[in-house]
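First up is the structure itself, then whatever we jot down about it.
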Amino acid sequence: MQVHFGVELLKPEWERAVVCIGTFDGVHRGHQQVIKTAVEKAKELEIPVVVVTFDRHPAVVLNPSKAPKALASLKMNLEQLQVHGVGLTVVVPFNAWLSRMSAEEFLQTILLDRLKAACVVVGHDFAMGNGREGNTEWLQQRLDTIIVPPFELSGQRVSSSAIREAIALGDLETTNSQLGRGFEIQGFVEHGEKLGRQLGFPTANIARSFDQVMPRDGVYAAWFLVDGQQYQCALAIGTRPAVGGKKRTIEAHILDYPGDSLYGQHVRLRLQAFIRPEADFPSVDALVEQMSVDVGSVRASLS
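In my numbering, the protein residues as written are 594 to 896.
Here's what the structure looks like:
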């Protein structure tokens, strides 16, 4: 997939395109329906499909104190857009200048002049321009617009906010069902205190590069992906009260790992099941005993 950052230097050679616009945080199953509709419309018209998204959630600029934590990084979202058949994505920086742009100006300068939009595909709750004046009804009055209705699972509307709530509860069944795949944490392996190694359960400490929404503290069954390989892992998220920890950490005990150094490596953790909440223990021996039980639970969950 081709990715273009910004619209100022964009010089399209196509005369008409289907343009699909949205924040697409997490590219969940609701987003996937919007993208699928755009791809199918482009095939019908035999013209390109262009996805327009933003480099951050608009609320980060419009209302920073209430901005939601991201479900995924921009890189992760772009990967998923490609998976779902998008050939070109234009990433627009959402800054103060863009937030003040009127809907009419956005329509004319970006959608029509720059992207040559013949048809726009958006979700039911889409709005653009200062004060969200360019809602779906407004768009339909000015341009051929397809509005994709809400996508529901078991009577519940799929949305980024619903997924954030499920993640906070450690409800991976709902999370992964609404995402259409396993929720992922990505980061780099950094040096830790090596306490896990001393207890017989060495761990990879994961450092993240952005403020992603995190599951509740506890132990999870997850897949550890690195260098095109995947391994079962027991993932611990929390402050480690049993060993006097203060800082929240993400530690992965990789099952059956061959032992090559991982320091500095970019890794992905695909969470599958919640095993238990974080807990304190009366002794180190009790902690080690519970860790053995956790490993057995992880194997059973991932087998």
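Ideal placement from N, C-alpha and C gives every residue a C-beta, glycine not left out.
Measure the C-alpha to C-alpha separation of Val654 and His677 and round it to an integer number of angstroms.
-> The residue labelled residue 654 in the question sits at position 61 within the sequence shown. The residue labelled residue 677 in the question sits at position 84 within the sequence shown. If I take the Cα positions, the gap works out to 28 Å.
How would you label Lys659, buried or exposed, when you count the other beta carbons within 10 angstroms and need 16 or more for buried?
-> Along the sequence shown, read from residue 1 onward, the residue named residue 659 stands at position 66. The residue in question, Lys659, is exposed, as its Cβ has fewer than 16 Cβ neighbours within 10 Å.
Selection from Ala879, Val819, Thr832 and Tyr856 that minimises the alpha carbon distance to Leu862 = The count along the sequence shown starts at 1 and reaches residue 862 at position 269. Here the closest residue by C-alpha is Val819.
For Phe598, which of Lys636, Ile847, Gly615 and Val645 has the nearest alpha-carbon?
-> One-based indexing of the sequence shown puts residue 598 at position 5. Selected option, being the one with the closest Cα: Val645.
Relative to the C-alpha of Gln865, which residue among Gln626, Arg774 and Leu681 is closest?
-> Walking along the sequence shown from the start, residue 865 turns up at place 272. If we check each option's Cα against that of Gln865, Arg774 comes out closest.
Tell me, which residues are paired with Pro851 by DSSP?
-> For the purposes of this step, residue 851 is identified with residue 258 of the sequence shown, where counting begins at 1. Answer by DSSP bridge pairing: none, since Pro851 is not bridged.
Gly722: which of Ile739, Gly716 and Phe699 sits nearest, CA to CA?
-> Walking along the sequence shown from the start, residue 722 turns up at place 129. Nearest option by C-alpha distance: Phe699.
Residues that Glu745 bridges to, as DSSP identifies them | Translated into the one-based positions of the sequence shown, residue 745 becomes position 152. Answer by DSSP bridge pairing, in chain order: Arg750.
Which class does Thr842 belong to by DSSP, given the choice of helix, strand or coil?
-> As a first step, residue 842 is located in the sequence shown; it is residue number 249 there, counting from the start. Correct three-state label for Thr842: strand.
Considering only C-alpha positions, which residue in the set Leu674, Leu855 and Gln734 is nearest to His621?
-> Reading the sequence shown from its first residue, position 28 is the one you call residue 621. Nearest C-alpha to His621: Leu674.
Helix, strand or coil at Ile760 according to DSSP, with G and I counted as helix | In the sequence shown, residue 760 corresponds to position 167, counting from 1. Here Ile760 sits in helix by DSSP.
Unbroken alpha helix (DSSP H) run spanning Glu730, endpoints = Walking along the sequence shown from the start, residue 730 turns up at place 137. Where Glu730 is concerned, the enclosing alpha helix (DSSP H) stretches over Thr729 to Gln733.
Assess, as a yes-or-no matter, whether the region 841-858 is touched by the region 759-771 under the definition of 3 or more beta carbon pairs within less than 8 Å.
-> no
7 Å Cβ shell around Ile703 - same chain, five flanking residues per side excluded = Taking the sequence shown and counting its residues from 1, the one referred to as residue 703 is at position 110. Excluding positions up to five away in sequence, the list reads Val600.
Say yes only if the C-beta of Leu880 is nearer than 7 Å to one or more non-hydrogen atoms of the ligand GDP, and no if none qualify.
-> Ligands in the displayed structure: none, and consequently the ligand GDP is not present.
Cα-Cα, which of Asp878, Ala652, Gly716 and Asp648 is closest to Val596?
-> Within the sequence shown, numbered from 1, the residue matching residue 596 stands at position 3. Comparing Cα positions, the closest option is Asp648.
Could you name the residues that DSSP lists as bridge partners for Arg861?
-> Against the sequence shown, residue 861 aligns to sequence position 268. According to DSSP, which records beta bridges pairwise, Arg861 is partnered with Gln779 and Leu818.
Ser876 classed as buried or exposed, judged by whether at least 16 other C-beta atoms fall within 10 angstroms | Translated into positions along the sequence shown, residue 876 becomes position 283. Classification of Ser876: exposed, given that the 10 Å Cβ count is below 16.
Are the region 801-814 and the region 754-765 in contact at 8 Å, needing three or more beta carbon pairs?
-> yes
Would you mind sorting Gly615 into buried or exposed? The rule is 16 or more other CB atoms within 10 Å of its CB.
-> Stepping through the sequence shown from its first residue, residue 615 is reached at position 22. Classification of Gly615: buried, given that the 10 Å Cβ count is 16 or more.
What residues in its chain sit with their C-beta under 7 Å from that of Phe817, if we drop five residues either side in the sequence?
-> For this step, residue 817 is matched to residue 224 along the sequence shown. For Phe817, where only same-chain residues beyond five positions count, the Cβ hits under 7 Å are Gln823, Tyr824, Cys826, Ala845, Ile847, Val860 and Leu862.
Might you give, ordered along the chain, the residues of its own chain that have their beta carbon closer than 8 Å to the beta carbon of Leu746, omitting 5 neighbours on each side?
-> On the sequence shown, position 153 is the one that residue 746 refers to. Counting only Cβ-Cβ distances below 8 Å, and skipping sequence neighbours, we find Arg622, Ser770 and Gln771.
Quickly, what does DSSP pair Met721 with across the bridge? List them, please.
-> As a first step, residue 721 must be located in the sequence shown, where it is residue number 128. For Met721, which the question treats as bridged, DSSP gives the partners Gly727.
According to DSSP, is Thr796 helix, strand or coil?
-> Within the sequence shown, residue 796 is the residue found at index 203, counting from 1. Thr796 falls in the coil class under three-state DSSP.
Residue from Leu681, Glu697, Arg869 and Leu667 whose Cα sits closest to the Cα of Phe687 | Translated into positions along the sequence shown, residue 687 becomes position 94. Of the listed residues, the one whose Cα sits closest to Phe687 is Leu667.
Cα-Cα, which of Gly780, Val714, Ile830 and Asp706 is closest to Phe617?
-> By one-based count along the sequence shown, residue 617 stands at place 24. Answer by Cα proximity: Val714.
N- and C-terminal bounds of the alpha helix (DSSP H) containing Gly680 = Within the sequence shown, numbered from 1, the residue matching residue 680 stands at position 87. No alpha helix (DSSP H) holds Gly680; DSSP gives it neither H nor E.
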